[in-house]
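Notes for the one structure printed next.
In our numbering, the protein residues as written are 1411 to 1540.
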């Protein structure tokens, strides 16, 4: 049974394209930097918007963003419109997928969640949730 899993999803808000989706059993900054580097291989946004989690505000993550000449926007706690698309996606995952299974291992959870999320993409690769 998986007791803790952390997910990082990188979305292009304008196109609604899913750039990356990763799952980890740790809160180590390396997980977030690897996921961010992977996302930047697909697209380089003008602005990177994220929650104010300690991993996303770390010097390592900030340096990757600034070196790519990307503006940084951090959502304040309780902001009504912050990360709406991500929030809708993860509420959908929570209610329709993760509550239905008792994942035995992180690999199993990661594989099944990836299949579920891909099933929510339209033919153009855009998220179709909510």
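Think of the CB as a built atom: it goes at the ideal place given N, C-alpha and C, for glycine as much as any other residue. Please read all numbers here as calculations on a predicted model, not as lab measurements.
Once DSSP output is grouped into helix, strand and coil, what is the label at residue i?
i            : result
residue 1472 : helix
residue 1460 : strand
residue 1482 : strand
residue 1433 : strand
residue 1373 : Only positions 1411 to 1540 of the chain appear in the structure, and residue 1373 is not among them; the question remains open.
residue 1502 : helix
residue 1439 : helix
So what does residue i bridge to, in DSSP terms?
i            : result
residue 1422 : 1427
residue 1446 : Partner(s): none; residue 1446 has no beta bridge.
residue 1416 : 1434
Taking the beta carbon of residue i as the centre, do at least 16 other beta carbons fall within 10 Å, making it buried, or is it exposed?
i            : result
residue 1442 : buried
residue 1428 : buried
Requested in this report: Inspect the CB distances between the stretch 1426-1434 and the stretch 1458-1472 and report whether three or more fall short of 8 Å.
Outcome: no
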